[in-house]
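What follows is a short report on a single structure.
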Amino acid sequence: MSVEDFIIYVYCCVEDICRTIVTQLLRSRGFMPKLSDAEVIPMEIVGEFMGKDHDKGIWRYFRHHWHDWFPHLGSRANFAKQSANLWALKRRIQDHIARPIGAMDDSVHLVDGFPMPVCKYARASGSRCFKGEAGFSYCAAKDEKYYGFEGHVLISFEGIICGYAFTPANVDERDVLPDMGGGLQGLLIGDKGYSRPCLKQTLAQQGLDLQTPLRKNMQDLRPKAFVDQLMSSRRLVETVIGQLTERFHIEKVRARDTWHLANRFIRKLLAHTMDCFLGKLMGNPTLLFESLVEV
Numbered sequence: 001m002s003v004e005d006f007i008i009y010v011y012c013c014v015e016d017i018c019r020t021i022v023t024q025l026l027r028s029r030g031f032m033p034k035l036s037d038a039e040v041i042p043m044e045i046v047g048e049f050m051g052k053d054h055d056k057g058i059w060r061y062f063r064h065h066w067h068d069w070f071p072h073l074g075s076r077a078n079f080a081k082q083s084a085n086l087w088a089l090k091r092r093i094q095d096h097i098a099r100p101i102g103a104m105d106d107s108v109h110l111v112d113g114f115p116m117p118v119c120k121y122a123r124a125s126g127s128r129c130f131k132g133e134a135g136f137s138y139c140a141a142k143d144e145k146y147y148g149f150e151g152h153v154l155i156s157f158e159g160i161i162c163g164y165a166f167t168p169a170n171v172d173e174r175d176v177l178p179d180m181g182g183g184l185q186g187l188l189i190g191d192k193g194y195s196r197p198c199l200k201q202t203l204a205q206q207g208l209d210l211q212t213p214l215r216k217n218m219q220d221l222r223p224k225a226f227v228d229q230l231m232s233s234r235r236l237v238e239t240v241i242g243q244l245t246e247r248f249h250i251e252k253v254r255a256r257d258t259w260h261l262a263n264r265f266i267r268k269l270l271a272h273t274m275d276c277f278l279g280k281l282m283g284n285p286t287l288l289f290e291s292l293v294e295v
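Be aware that the sequence shown starts at 1, since it is given in UniProt numbering, and climbs by one per residue.
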């Protein structure tokens, strides 16, 4: 589809969902913004898809190219403020999109994490950013230490995000998993970092069968074909994280407080989910974003 059609599709989807889930006024004081919330959120989603990964880039893109379509777009500061104040609504919209297309009902889900460094590791001791909130950790995939946060995503077998969190980097990813998997059932595939007997029991009580590759010093009694299938299936969550980092730049912490960081994080997950939804409507593979819009 053309960029024009893409903007219209996203706007119509967001507006319809807002009419359904927003049952009371979001603001109890002050003047209503001229630019409606149902305009701000589609602008963010489209901007993220176009590679504009921060408020200034999104604002500038629509100011220069689509101002006739969004005539009430005001200053960059007001746009950024309104965007940050809508993070909870974006979270509800993301959930509302994921449920009807079966992401929560899938019998197989996958989970993994990724680093979100605040600054270079050598500068961590003198950094004032997120002091007391960020933490130190080690990323095995990149074989490096880092200071910052860790993002966590839980996806369906089609690659649709249905659970997420971001935590200080020093928080064990296994402690986050039970809350992320709430309401899901079936097989849950993770890497060996999620291996913990008590976690497997906790998730079993929730209806989730956690399966991970075992560490080298552990005996694996499962059939080799089953273990190989686990390893092969994990490529899907790695693909999703690759899209989030390469297209949406989710690992970049371009914020100075957790409020704005949460907004950036959720906005990128919402954009990814919306792109999956529109691709599915068009009959395309869910994660084939390149064929979604003719730029």
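Glycine residues also receive a C-beta, built at the ideal position from the N, C-alpha and C atoms.
When the alpha-carbon of C162 is set against those of I101, V293, N284 and R174, the nearest one is in I101.
In the DSSP annotation of this structure, the continuous segment of the alpha helix (DSSP H) that includes I266 starts and ends at T258 to L281. Partner residues in the beta bridge of I161, as assigned by DSSP, are I155.
Under the three-state reduction of DSSP output, E251 falls in the coil class, being neither helix nor strand.
Of the residues assessed, N170 falls on the exposed side of the cut-off, its CB having fewer than 16 other CB atoms within 10 angstroms. In the structure shown, the three-state DSSP call for D37 is helix. Under the three-state reduction of DSSP output, H54 falls in the coil class, being neither helix nor strand. Distance from the Cα of I241 is smallest, within the candidate group L210, W87, F265 and S107, for F265. Following the DSSP letters along the chain, one finds C12 inside the alpha helix (DSSP H) bounded by residues V3 to I21. Rounded to the nearest whole angstrom, the C-alpha separation of H72 and I155 is 36 Å. The shortest C-alpha to C-alpha distance from M116 to any of F130, I250 and V227 is the one to I250. For H65, the three-state secondary structure derived from DSSP is helix. A distance below 8 Å separates the beta carbons of L208 and L188.
Collapsing the DSSP output to three states places L187 in a strand.
The Cβ atoms of L210 and Y194 sit closer than 8 Å to each other. Looking from the CA of E150, the closest CA among V176, F157, S127 and R128 belongs to V176. Taken atom to atom, the span from the alpha-carbon of D37 to that of R267 is near 14 Å.
In the DSSP assignment, C139 forms a beta bridge with E144. Approximately 5 Å separates the beta-carbon atoms of H152 and A165; this is inside 8 Å, confirming the contact. The three-state reading of DSSP puts V46 in helix, counting H, G and I together. Ranked by Cα distance from K131, the first of Y138, T20, I21 and R256 is R256. Secondary structure at V240: helix, using DSSP grouped into helix, strand and coil.
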